[in-house]
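Student: Pasting in a structure now, in C-alpha cells, and then I'll have a few things to ask.
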Amino acid sequence: MFSTTTKTAIKAVIFISSRCSECQKVSVKEIAEKIDASEHTVGKALQKLVKFGIVNSVKGPSGGFSISNSQRETPIFDIVAAIEGKEVFDECGLGLSKCSPDHPCPIHDEYKEVKERVKQIFKHKKIKDLCDPVTHGITYLVG
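Residue numbering for the sequence shown follows the numbering used here, starting at 1 and increasing by one per position.
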C-alpha cells in the first residue's frame, strides 16, 4: 500500500523521536543504520518532512535531524500525506486507474474497507504513540 520511501520516513521519524528525550540531533547515517535503510532514501524522505514541518534539520558538522515535543503530536497520516499525498488512501488495490463503485476491480469492496481502517489508524496514531513502545523495547524498527 505504501512506498519504500513512506515506510522509511515513518521509521526514521519514530527513531528521531526516540532520541527526543536526549534532545539529540541525529545524522542521516545513524538513522539509516538503525532502521536498516539506505542513506539516500532516508535523506530524501526527511528533507520532504522538513519542508512540511514534521521534523527539524540543522546543517553542518554538528547538524542532523530532531523533533520537538509539539511535532511528536503529529499524526502518522501527515507523514504519509507529505511523502505520497493523501490520495494514496484512495488508490485501487490492484492499481487500476478507473476503479470505482460503478467500475470495481475484483477486490474493490474489501480493499476499500482495509484502506479506510488504515487511514483511521494513521489519523489517530501520533508519532509519540509509536515512539514510546520502541523507546521501551516493546516494539522494533528492524526485523
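Don't be surprised by glycine CBs; every beta carbon is placed ideally from N, CA and C. As the structure is a prediction and not an experimental result, all values here were calculated from the model.
Per DSSP, which one or two residues make a beta bridge with residue 126?
Tutor: Translated into positions along the sequence shown, residue 126 becomes position 126. DSSP lists 75 as partners of residue 126.
Student: With a cut-off of 8 angstroms on the beta carbons, I'd call residue 17 and residue 127 a contact; round off their distance for me.
Tutor: Here residue 17 is taken as the residue at index 17 of the sequence shown, counted from 1. Here residue 127 is taken as the residue at index 127 of the sequence shown, counted from 1. With 8 angstroms as the limit, residue 17 and residue 127 qualify as a contact, their Cβ atoms being about 5 angstroms apart.
Student: Specify, as a first and last residue, the run of the beta strand (DSSP E) that residue 64 falls within.
Tutor: In the sequence shown, counting from the first residue as 1, residue 64 sits at position 64. Taken as a continuous stretch (DSSP letters only), the beta strand (DSSP E) holding residue 64 covers 64-66.
Student: Within the same chain, show all residues whose beta-carbon is closer than 8 angstroms to that of residue 125, passing over the 5 residues directly before and after it, in chain order.
Tutor: Mapped onto the sequence shown, residue 125 falls at position 125. Contacts found: 75 and 76.
Student: Residues in the same chain with beta-carbon distance under 7 angstroms from residue 32, minus the five sequence neighbours each way, listed in chain order, please.
Tutor: Looking up residue 32 in the sequence shown gives position 32. Counting only Cβ-Cβ distances below 7 angstroms, and skipping sequence neighbours, we find 38, 39 and 42.
Student: Go to residue 58, then tell me how far its beta strand (DSSP E) extends in each direction, as first and last residue.
Tutor: Working through the sequence shown from its first residue, we reach residue 58 at position 58. Where residue 58 is concerned, the enclosing beta strand (DSSP E) stretches over 56-58.
Student: Would residue 79 pass as a contact of residue 10 if the rule is Cβ separation under 8 angstroms?
Tutor: For the purposes of this step, residue 79 is taken as residue 79 along the sequence shown, with counting starting at 1. For the purposes of this step, residue 10 is taken as residue 10 along the sequence shown, with counting starting at 1. Cβ atoms of residue 79 and residue 10: closer than 8 angstroms.
Student: What's the call for residue 8, buried or exposed, on a 16-neighbour Cβ count within 10 Å?
Tutor: The residue you call residue 8 lines up with position 8 of the sequence shown. Label assigned to residue 8: buried.
Student: Identify whether residue 26 lies in helix, strand or coil by the three-state DSSP scheme.
Tutor: Stepping through the sequence shown from its first residue, residue 26 is reached at position 26. In this structure, residue 26 counts as strand in the three-state DSSP scheme.
Student: Mapping DSSP to helix, strand and coil, what is residue 111?
Tutor: Position 111 of the sequence shown holds residue 111. DSSP places residue 111 in helix when its eight states are reduced to three.
Student: Give me, in chain order, the residues of the same chain whose beta-carbon lies closer than 6 angstroms to that of residue 155; leave out the 5 immediate sequence neighbours on both sides.
Tutor: This structure leaves residue 155 out entirely; the chain is present only between 1 and 143.
Student: Could you say which of 113, 3 and 36 lies nearest to residue 12 if we only look at CA atoms?
Tutor: Residue 12 sits at position 12 when you count from the first residue of the sequence shown. Considering only alpha carbons, the answer is 36.
Student: Less than 8 angstroms between the beta carbons of residue 107 and residue 94, yes or no?
Tutor: By one-based count along the sequence shown, residue 107 stands at place 107. By one-based count along the sequence shown, residue 94 stands at place 94. Going by C-beta atoms, residue 107 is nearer than 8 angstroms to residue 94.
Student: So, with DSSP's three-state summary, where would you put residue 70?
Tutor: Reading the sequence shown from its first residue, position 70 is the one you call residue 70. Of the three classes helix, strand and coil, the one that applies to residue 70 here is coil, per DSSP.
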